[in-house]
Structures are given as structure tokens and as C-alpha cells.
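Enquirer: I'd like to ask you about the structure that follows.
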Amino acid sequence: MQSARIAVVGHVEHVCLGRVAALPAPGDIVHLEATRALAGGGGALAFAQLCRSSAEVHFFTAVGDDDAGREVEAWLGALGAGNLESEPQRGEPRSMAGPSRRRGVAMNCHVHVARRRAPHPRVVVLVDAEGRRTILVTAPPLQPSGDDALPWERLADFDAVYFTGSDPGSLRLARRARRLVVTARRAACLSDAGVAADVVVGSATDPRENEPLHTYLPAPQALVLTDGPRAMVVSRAAAVAGGAPILSHVDPPPAVSRVRCDYGAGDSFAAALTFFVAHSLSVEEACRRAGPHGAAVLLGEEPLSAQLPLTLA
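The working numbering applies: residue 6 is where the sequence shown begins, and numbers increase by one.
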């Protein structure tokens, strides 16, 4: 079977992740323990998960022009085991990164970077004793635009795109792929672009993601809402106009014994869902197979080392 071609369009953040006994109360001074720095954010973590597959994977993103941006670009070069291509600016050559040494990563991953003359956003992730993450963001994420000199034309030949961006132009370009999966946090961008996704994925417990199917105009072919250890719900439009949506339920993976860190679990699930949708599995079967990939991240100290390889076996 020929390898699938999958792209991620979205953001990457410069993340400092550490553990705290509890979230600080007003006036507290809290020390982060076991800190680590990584390329995070919904786009980068999805890209990292997809790189643990045999697919040809491309990441379209943007980085700032400061030290944080340069570190993020280097991390992406290490994640993407193939090429890191920067949008040329004022005659600058495209920069190339060598092969990744990340264990279990495919050797056919590519990063396409648009440069921004702005500081790269830094993020602090606090993980409490229950493994729950709280995210402090210093600035809105930098996102690629359809106007950036990136190889957008390639997307027409892709099997699937996972979109976490915010630019309607880049979303329309992503729609040229055979399948389009979009995070529910980009509902407004879907509306602005006038684009119907094949799948929208979100969390039933997150008020930024749990809007019902009828609020999407145009409506996606399927809306997937995860619910932690409870069954996932897949909603589709009724066969008759004005009818109730058609619902199906997908059992979650076995509950983990102890959550160490839930940062990146949803992003890893969405990436795995995109992988299986790209291989023409039904949305329900894609959800069933993607579930363990989200659950695996819960067991790790941080997401990148906990992500499982993606296979069709």
C-alpha cells in the first residue's frame, strides 16, 4: 500500500512544562519542578504524533524572529525527520535540517515555515498532582497564512489535512485535500472561510469545543466529541432537513490507572484520527483506533516521549 500523504496546518509554541503540587493561590510563590522545554501547541504536537507513522507528513506553520523562534525551528527540525524549509525573506536561502534522531519517527516528514518579524509566543504549562494541565500563554499563536510563500499547491494531492490554524485563506487551501479534519476551536474560521470539514473534533467537557452540530455553518460531515474515559459521540446531519442529528457512540480505550500529564492528549488523538481517516477508515473506526493514542499520552511526563507509533495493523 502506498504511504498516505498528510499535512498539519497550524501553530507551534515554545513551551516550558513543569510540575506543581497545586495551582498557586493569590500571593503564592510556586516553584516549577521537573521542567522541560519542547515544541508544543496543537499543530506541533499533532505533527509529532503523525511523524510516528509511515505516512509522508508535512507541517505548515509560522515562527518568530527571536531566540524562542529559533529554538522552536530547531526543535521542529529534530521532530520532522526530513526537511525544514523556511519561507525566503529578503533573499535568505531556505534552511535545511538534518535527519531526526527521535526514536520511532518516520523519515518522510517535512516542515514549511513562514517567518514572522515578531517574538515567538512562549507558553508555560503547569501540571498538578492529578496530571491536569493549566496553560499560561504570553501572546496569541503565530499562524501560517494562505498568502505566505509556502507550497500550498501540494495540498491538493494529499489524503488528509489536520487544521489548527486561524487563517480562512489557508483553510480554503487545506480543503483541497481529499479529507479535512479541523479542531472544534476553529469553528469561527470554518464559518469565515465558508468551508465544510469532513470531520470536526473536540472535547465534550471544553466549552470552547463542545458546540453541537447545528451551530456549524456549513456543517461538517461528522462532529466527534471525546469525553475522557466515557464514550465518544459522533454526530451527523439528519437525512431529513430539520431532523435530529444521527448519533453513534464509540467506546473509549481502557481507562489509565493514573494520569501523569494530560497536556497533548487531545492533540495526539486528533492526529491519530486524521491518520486513520486518511486511510479511508470510517469515522467511528478511526475514533476507536485513535483512542489509545490519546490515552497513551496521559501516562507520560510530557507528550512527545509518550506518543505511540501509528500503524494500520
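Where is the CB? At the ideal position from N, CA and C, for every residue including glycine.
In this structure, does DSSP put arginine 75 in helix, strand or coil?
Expert: Looking up residue 75 in the sequence shown gives position 70. In the structure shown, arginine 75 sits in a helix (DSSP, three-state: H, G or I).
Enquirer: Quick one: residues in its chain with C-beta nearer than 6 Å to the C-beta of alanine 53, no 5 flanking neighbours on either side, listed in chain order?
Expert: Stepping through the sequence shown from its first residue, residue 53 is reached at position 48. Result list for alanine 53: Leu84, Leu309, in chain order.
Enquirer: Buried or exposed, going by whether 16 or more other CB atoms sit within 10 Å of the CB of glutamine 312?
Expert: The residue labelled residue 312 in the question sits at position 307 within the sequence shown. Buried.
Enquirer: Taking isoleucine 140 as the reference, which of Ala301, Glu18, Gly305, Arg294 has the closest Cα?
Expert: As a position in the sequence shown, residue 140 is number 135, starting the count at 1. Among Ala301, Glu18, Gly305, Arg294, the Cα nearest to that of isoleucine 140 is on Glu18.
Enquirer: For tryptophan 157, which residues in the same chain have their Cβ closer than 8 Å to its Cβ, ignoring the five residues on either side in sequence?
Expert: By one-based count along the sequence shown, residue 157 stands at place 152. Here the set comprises Phe65, Gly151, Ser175, Leu178.
Enquirer: Exposed or buried, what is isoleucine 11 when buried is set at 16 or more other beta-carbons lying within 10 Å of its beta-carbon?
Expert: One-based indexing of the sequence shown puts residue 11 at position 6. Per the 10 Å Cβ criterion, buried.
Enquirer: In three-state terms, what does DSSP make of alanine 301?
Expert: Numbered from 1 along the sequence shown, position 296 holds the residue referred to as residue 301. It is helical.
Enquirer: Determine the contact status of leucine 22 and threonine 40, defining contact as a CB-CB distance below 8 Å.
Expert: In the sequence shown, the residue the question calls residue 22 occupies position 17. In the sequence shown, the residue the question calls residue 40 occupies position 35. Yes. Within cutoff.
Enquirer: The beta strand (DSSP E) with threonine 231 in it runs from where to where?
Expert: Position 226 of the sequence shown, counted from the first residue, corresponds to residue 231. Where threonine 231 is concerned, the enclosing beta strand (DSSP E) stretches over 227-232.
Enquirer: Would you call the CB atoms of alanine 198 and proline 225 closer than 8 Å?
Expert: For the purposes of this step, residue 198 is taken as residue 193 along the sequence shown, with counting starting at 1. For the purposes of this step, residue 225 is taken as residue 220 along the sequence shown, with counting starting at 1. Taking 8 Å as the Cβ cut-off, alanine 198 and proline 225 do not qualify as a contacting pair.
Enquirer: Excluding the 5 residues preceding and the 5 following alanine 249 in the sequence, name in chain order all residues of the same chain whose CB lies nearer than 8 Å to its CB.
Expert: Counting from one through the sequence shown, the residue named residue 249 turns up at place 244. Result list for alanine 249: Ala243, in chain order.
Enquirer: Is the CB-CB distance between glutamate 216 and serine 208 below 8 Å?
Expert: The residue labelled residue 216 in the question sits at position 211 within the sequence shown. The residue labelled residue 208 in the question sits at position 203 within the sequence shown. Going by C-beta atoms, glutamate 216 is not nearer than 8 Å to serine 208.
Enquirer: Can you tell me where the beta strand (DSSP E) holding serine 273 begins and where it ends?
Expert: Looking up residue 273 in the sequence shown gives position 268. Here serine 273 belongs to no beta strand (DSSP E); instead the alpha helix (DSSP H) covers 270-283.
Enquirer: Arginine 99 by DSSP, collapsed to three states: which one?
Expert: In the sequence shown, the residue the question calls residue 99 occupies position 94. Annotation note: pLDDT 36 at arginine 99 (below 50); position unreliable, coordinate value reported separately. Looking at arginine 99 - three-state DSSP - the assignment turns out to be coil, as it is neither helix nor strand.
Enquirer: Please tell me whether histidine 16 and histidine 63 are closer than 8 Å, where the distance is taken between their beta carbons.
Expert: As a first step, residue 16 must be located in the sequence shown, where it is residue number 11. As a first step, residue 63 must be located in the sequence shown, where it is residue number 58. Against a cut-off of 8 Å, the Cβ pair of histidine 63 and histidine 16 comes out as no contact.
Enquirer: Assign phenylalanine 163 to one of three DSSP states: helix, strand, or coil.
Expert: Against the sequence shown, residue 163 aligns to sequence position 158. Correct three-state label for phenylalanine 163: coil.
Enquirer: Label arginine 263 either buried or exposed according to how many other C-beta atoms from any shown protein chain fall within 10 Å of its C-beta, with 16 as the threshold for buried.
Expert: By one-based count along the sequence shown, residue 263 stands at place 258. Label assigned to arginine 263: exposed.
Enquirer: Please return the same chain residues whose Cβ sits closer than 7 Å to the Cβ of aspartate 71, not counting the five positions on each side in sequence.
Expert: Translated into the one-based positions of the sequence shown, residue 71 becomes position 66. Excluding residues within five positions, the ones whose Cβ falls inside 7 Å are Pro124, His125.
Enquirer: Measuring only the C-alpha atoms, how far is valine 326 from proline 257?
Expert: In the structure as shown, the chain begins at 6 and stops at 318. Residue 326 is therefore absent and cannot be evaluated.
Enquirer: With a threshold of 7 Å on Cβ separation, who are the neighbours of leucine 222 within its own chain once the five nearest residues in sequence on each side are excluded?
Expert: Indexing the sequence shown from 1 puts residue 222 at position 217. Taken in chain order, the residues that qualify are Ser196.
Enquirer: For valine 200, which option in Gly247, Phe274, Arg180 has the closest C-alpha, if you only look at C-alpha atoms?
Expert: Residue mapping note: residue 200 aligns to position 195 of the sequence shown, counting from 1. Taking only the C-alpha atoms, the option nearest valine 200 is Arg180.
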